[in-house]
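A short write-up of the structure that comes next.
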Amino acid sequence: MSKIWIFDLDDTLHDASSKIFPSINQSMTVYVSQKLQISHQDAHDLRNQYWKVYGATLKGLMENHGVDPKEFLLNTHDAEELSKFVKQSYALENTLKKIKGQKIVFTNAPLHYAIAIIKSLNIQKYFSAVYSIESTRYNPKPSIYAFRKILRRVGKKARQCVMVEDDLANLKTAYKIGMKTILVSRQNKKTIFVGKRITKITQLI
Ligand SMILES: [Mg+2]
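What follows is the structure in structure tokens.
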């Protein structure tokens, strides 16, 4: 039974926390403020509220304001600008090269951004597919719906998959449905649903 490796993108294959996430975060608040004609502070508070209720700004905007997800994602993920923050890594390339078996990316980010980042990292040739937030009808990980949708797309059973991720909630779902799990994190600790913990992706090999 052939194994498939499923990689998260941001903060798993590269560092998004230091520069990219703060920039996206800022763009989202500006977008909400302009779209809904509210102050920067109100936009910030509303986003926090939507995070608590829906787990994402976008879901809240779609449900409550009929915002077009494509427009939102294009406006908040300037791929050209964000790609400038990416640092190519020979060690990353070498790691992916050495991992045998099918590899895919499964990210909560939009496709245009994911593709741009993967190209900037020069690792596109190692992945047979990239699944983004559009692939799961805008239902982000950790929803089971998102995982099931990707499993159907790749035609695999959960037990054939290894999920490599920095986010504990996402690994919890992966574990619950039967995937093997690898946590990539300096902060998060190993828990019952984490099969193995590494502090950076290059420790996979
Ligand atoms: Mg991540």
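Counting from 7, one number per residue, gives the positions in the sequence shown under this note's numbering.
A virtual CB, placed ideally from N, CA and C, is assigned to each residue, including glycine.
- With a cut-off of 7 Å, the C-beta of Asp21 is classified as distant from ligand 1, since no heavy atom of the ligand falls inside that distance.
- Straight through space, the alpha carbons of Val170 and Ile12 are spaced by roughly 6 Å.
- Annotated three-state conformation of Ala135 is strand, per DSSP.
- Here the segment 97-107 makes no contact with the segment 68-78; the two share fewer than three CB pairs at distances below 8 Å.
- DSSP places Glu171 in the uninterrupted beta strand (DSSP E) bounded by 167-171.
- If you draw a straight line from the Cα of Lys178 to the Cα of Thr197, it is about 9 Å long.
- Taking a 10 Å sphere around the C-beta of His46, we find fewer than 16 other C-beta atoms and assign the residue as exposed.
- Secondary structure of Leu64 (DSSP, three-state): helix.
- With contacts defined as CB atoms closer than 8 Å, Asn176 and Asp14 qualify as a contacting pair.
- Here Gln130 is not near Ile10, since their CB atoms are 8 Å or more apart.
- Annotation: the continuous beta strand (DSSP E) that includes Ile204 extends over 202-204.
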